[in-house]
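Trainee: Below you'll find the structure I mean.
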Amino acid sequence: MKQVKKIAVALVLFVAATSFVNAQSKVAHIDVQKLLSEMPEMKAAESELKKLSETYQADIQGAMTELRNKFTQYNNEAANKSKEENDKRAAELQGQEKTIGEAQQKAQQDIQKKQSELFAPISERAKAAIEKVAAAQGFDYVLDAQAGGGLIVSKGKDLLSEVKQELGF
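Take a look at the structure:
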C-alpha cells in the first residue's frame, strides 16, 4: 500500500512538472539602450540636442564674460567713485549674476523638454518594432538585457538584429 502511494505521488509530481514545463512562456531579451543608440533617428536627435546645448552654453559664456569685464572695470574705478555709486554698481552686478543663473536654469529646462520631445517618438517606434518582432516569433515576454534591467533569462534569444532589420538599419 505504501508503494502504491509513493508511485501515485511520483506520478502526480511528474504530471505536474511536465505540465509546468509545457506551460512556460517563451522569453527573449534585447538590449534596448544599444538598440536606441544605434537608431539613426537617435543619432540625429542627439546631434540636435548637442547643437542646442552649445548655443545655450555660448550665450551663457558670453554673459559671464561680460559680467567679469564689468566687475573688473567697476573694481578698477571703485576708488574714484562715491560709496553710493559703488553700492549701485555692486547691486547691478548681483542682478546680472542672478539673471545669468536664471538663464542657466531655463536653458537646462529647455534642453530637457527638447530631449523629451525628440526621444519619445523614437522610443515608441523602437517599442512597436520590438512588439512586432516578438509577436511574429511567438515570444510572450521580452526582457531588457541591461544590467539591472530586469533580466530573468540569460539564455533567451536576442532580438536586436531582427528589430534593427525591422527598423531598416
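Per the working numbering, the sequence shown starts with residue 18, numbered consecutively. Heads up, the beta-carbon is just placed ideally off N, CA and C, and yes, glycines get one too.
1) In whole angstroms, what separates the C-alpha of A8 from that of A145?
2) So the alpha helix (DSSP H) L135 belongs to, where does it begin and stop?
3) With three or more C-beta pairs closer than 8 Å as the rule, is the stretch 101-113 touching the stretch 51-70?
4) By how many angstroms is the C-alpha of L69 removed from the C-alpha of T89?
5) Between V180 and Q163, what straight-line distance do the alpha-carbon atoms span, to the nearest angstrom?
6) Could you check where the beta strand (DSSP E) with D161 kicks off and where it finishes?
7) Would you say K98 reaches chain C, if we count a Cβ-Cβ gap shorter than 9 Å as a contact?
8) Under a three-way DSSP split, which group does D76 fall into?
9) Compute the beta-carbon to beta-carbon distance between K43 and L177, rounded to the nearest angstrom, for a pair I have assumed lies under 8 Å.
10) Measuring only the C-alpha atoms, how far is E110 from A75?
Mentor: By the coordinates alone:
1) Shown here, the chain extends from 18 to 186; a query on residue 8 therefore has no answer.
2) 100-154
3) no
4) 30 Å
5) 16 Å
6) 158-161
7) The structure shown contains no chain C; it holds only a single protein chain.
8) helix
9) Between L177 and K43 the Cβ distance is about 17 Å, and since that is not below 8 Å, they are no contact.
10) Looking at the sequence shown, residue 110 is not Glu but Leu. Approximately 20 Å, taken between the alpha carbons.
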